[in-house]
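J.: Using this note's numbering, the first residue of the sequence shown is number 506, and each one after it goes up by one.
The structure's right below; bear with me while I get my questions together.
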Amino acid sequence: MSRATHIIGLAGTLMGVWLLVLIGWLPLPLSDTVRIKVWPTLPFEFLVALGAYMLGSVGYGLLKFRDCPEAHQELLQEISMAKVDLRQNGVI
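Quick look at the structure:
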C-alpha cells in the first residue's frame, strides 16, 4: 500500500467519523454546545492549522537556505558567454 493510499484512507475514515458524530449516528459524550458550535468547524480549523504549518515550514526553509557563491559565479559566466554568442550572431 502506497503512502498516498494510506493517507487517503486515514483522511476518509476521519471524515466519516466526523460526519457520523455530526449527524448523531455515533454518540459521543459531548455537550450540546460543543456538538452544535465546535464540532462542525473542526475540518476548517484543521485546514487553517495545516496552512499555518506549511507556511511556517516554507519560511523556516527560506531562513535555512544556504547561498551558493560558486553557482552564482558560474551562472554569471554563462550569461556573459551567452551575450557574446548572441552579439556574434547579430541578435543583440
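Heads up, the beta-carbon is just placed ideally off N, CA and C, and yes, glycines get one too.
In this text the structure is predicted, and so the values were computed from the model without any measurement.
What number of angstroms, rounded off, separates the C-alpha of residue 578 from the C-alpha of residue 585?
T.: Taking the sequence shown and counting its residues from 1, the one referred to as residue 578 is at position 73. Taking the sequence shown and counting its residues from 1, the one referred to as residue 585 is at position 80. In a straight line, the C-alpha of residue 578 is about 11 Å away from that of residue 585.
J.: Go to residue 592, then tell me how far its alpha helix (DSSP H) extends in each direction, as first and last residue.
T.: For the purposes of this step, residue 592 is taken as the residue at position 87 of the sequence shown. Run containing residue 592: 574-593, per the alpha helix (DSSP H) assignment.
J.: For residue 528, which option in 519, 514, 582, 545 has the closest C-alpha, if you only look at C-alpha atoms?
T.: In the sequence shown, the residue the question calls residue 528 occupies position 23. Among 519, 514, 582, 545, the Cα nearest to that of residue 528 is on 545.
J.: Taking residue 542 as part of the alpha helix (DSSP H), name the residues at either end of that continuous run.
T.: Stepping through the sequence shown from its first residue, residue 542 is reached at position 37. No alpha helix (DSSP H) contains residue 542, which DSSP labels as neither H nor E.
J.: Do residue 523 and residue 552 have their CB atoms nearer than 8 Å?
T.: By 1-based counting over the sequence shown, the position of residue 523 is 18. By 1-based counting over the sequence shown, the position of residue 552 is 47. No.
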